[in-house]
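Numbering (the numbering used here), first residue to last: -10 to 380.
What follows is a set of notes on a single structure, which appears directly below.
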């Protein structure tokens, strides 16, 4: 009976689609064009058009309190969650961890709505979503993975050059992750997932007990909360959520994340006296300047933005075809008063809405404020208040 109920729950909200030949218009597939339009619509509802971007960028991108993305992705859209859970249900591989996920979903739906249960099932059983996302995925057959690895390879090569004077475990770790992610499915084998959830008790009739057990499992027993397994899971989920998105999305989210990780180490290992002298020329507000950690974060995020923005522009300049793709995407985005540059700036800025206006404007947005491209993109007129060459 429960199996029939589970299937009915899925069928009630999802009807599978048949495979079809992907059509192209110019350099863009119809899937890419559809995703670009959907992304633009979501951004259009996220930013506040009543605010002027040149006066206060925080109010422009954050005041509606609808930021779309964090640096490493976002909660999948409901249609994506339904599709993934349906694929997992229809996957012929039957195993214990999958059955526990199904039992939890059923218990949840005795008290909560279907949408709430999809979200909670995703949060508590992310490794199983990693399993269905990466199953049969490899660089030769997945253009998303191929593009992702190209971005990752370019960034890791640049980081290697930056860290040439350091004995850096950071670069070694990134290089190892890059190699391992060519076949991400090896981190989501059925046997590993069964071991991950072996001690977890799930009861179809007791949702409250299940929540307590899952929270306890995540705190004490999960192998996907730290280390290489956590990175492979994060990257797999990010890759799925990023499919068919423009390269401006990758560079504003994933690339920035990598640079933040690196500069969080290198900047903290610099000579403090020299660092203090350099930061003084930024003319940070007093409440920022008196706090060592705030000054440190200002430099970390300034450097991260600079490098990610340079990488994005270098990528555009590498190949005329990539510039043509950018032009075609901008033609589509123009209908929404957007462009790939504006996408980049908005997605970067929305990472920091939760920190509030003062910190965002005077710490996290320093890179935006020094960029001529930012001012030109919003037709502000370029006026840089401080000399950023000191950092």
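Ideal placement from N, C-alpha and C gives every residue a C-beta, glycine not left out.
Quick check on DSSP: helix, strand or coil for residue i?
i: residue 102; result: coil
i: residue 117; result: helix
i: residue 328; result: coil
i: residue 77; result: helix
i: residue 14; result: strand
i: residue 367; result: coil
i: residue 111; result: helix
i: residue 19; result: helix
i: residue -7; result: Residue placement at residue -7 is flagged as unreliable, the pLDDT there being 46, under the threshold of 50; the coordinate-derived value follows with that caveat. Correct three-state label for residue -7: helix.
i: residue 259; result: coil
i: residue 249; result: helix
i: residue 216; result: helix
i: residue 344; result: helix
i: residue 264; result: helix
Count the other C-beta atoms from every protein chain shown that fall within 10 angstroms of the C-beta of residue i, then say buried if there are 16 or more, exposed otherwise.
i: residue 333; result: buried
i: residue 368; result: exposed
i: residue 320; result: exposed
i: residue 285; result: buried
i: residue 87; result: buried
i: residue 370; result: exposed
i: residue 111; result: buried
i: residue 270; result: exposed
i: residue 388; result: Residue 388 cannot be examined here, being either before or after the span of the chain that is shown, -10 to 380.
i: residue 123; result: buried
i: residue 266; result: exposed
i: residue 177; result: buried
i: residue 263; result: exposed
i: residue 106; result: buried
i: residue 234; result: buried
i: residue 6; result: Low per-residue confidence applies at residue 6: pLDDT is 43, beneath 50, and the placement is therefore not dependable, though the value from the model is reported in the following sentence. Residue 6 comes out exposed.
i: residue 13; result: exposed
i: residue 261; result: exposed
When the Cα of residue i is compared with those of the options, which residue comes out closest?
i: residue 223; options: 279, 74, 335 and 115; result: 115
i: residue 231; options: 308, 339 and 25; result: 25
i: residue 137; options: 168, 113 and 309; result: 168
i: residue 165; options: 243, 180, 141 and 152; result: 141
i: residue 104; options: 85, 361, 90 and 66; result: 66
i: residue 353; options: 257, 331, 295 and 193; result: 295
i: residue 229; options: 251, 252, 118 and 281; result: 118
i: residue 305; options: 324, 263, 109 and 237; result: 237
i: residue 293; options: 78, 71, 243 and 132; result: 243
i: residue 355; options: 331, 343 and 380; result: 380
i: residue 278; options: 348, 322 and 343; result: 348
i: residue 323; options: 16, 143 and 32; result: 32
i: residue 182; options: 208, 133, 121 and 134; result: 121
i: residue 205; options: 41, 113, 17 and 312; result: 113
i: residue 22; options: 359, 343, 342 and 317; result: 317
i: residue 194; options: 261, 99 and 312; result: 99
i: residue 247; options: 143, 133 and 125; result: 143
i: residue 52; options: 361, 343, 360 and 359; result: 343
Pull up the distance between the alpha-carbon of residue i and that of residue j, whole angstroms please.
i: residue 203; j: residue 54; result: 30 Å
i: residue 220; j: residue 363; result: 31 Å
i: residue 201; j: residue 328; result: 46 Å
i: residue 44; j: residue 129; result: 47 Å
i: residue 29; j: residue 326; result: 9 Å
i: residue 93; j: residue 76; result: 17 Å
i: residue 309; j: residue 301; result: 14 Å
i: residue 366; j: residue 290; result: 21 Å
i: residue 273; j: residue 351; result: 7 Å
i: residue 339; j: residue 216; result: 27 Å
i: residue 70; j: residue 139; result: 27 Å
i: residue 280; j: residue 287; result: 11 Å
i: residue 145; j: residue 64; result: 27 Å
i: residue 74; j: residue 180; result: 20 Å
i: residue 213; j: residue 257; result: 28 Å
i: residue 298; j: residue 240; result: 7 Å
i: residue 315; j: residue 331; result: 12 Å
i: residue 163; j: residue 148; result: 9 Å
i: residue 36; j: residue 346; result: 15 Å
i: residue 40; j: residue 50; result: 9 Å
i: residue 174; j: residue 81; result: 16 Å
i: residue 78; j: residue 72; result: 10 Å
i: residue 84; j: residue 91; result: 11 Å
Give me the Cβ distance between residue i and residue j, rounded to the nearest whole Å; I'm assuming they're in contact under 8 Å.
i: residue 127; j: residue 172; result: 6 Å
i: residue 101; j: residue 189; result: Not quite, the Cβ-Cβ distance comes to about 20 Å (not below 8 Å), so this is no contact.
i: residue 405; j: residue 46; result: This structure leaves residue 405 out entirely; the chain is present only between -10 and 380.
i: residue 211; j: residue 185; result: 7 Å
i: residue 254; j: residue 151; result: Their Cβ separation, rounded to whole angstroms, is 11 Å, which puts residue 254 and residue 151 out of contact at 8 Å.
i: residue 196; j: residue 96; result: 4 Å
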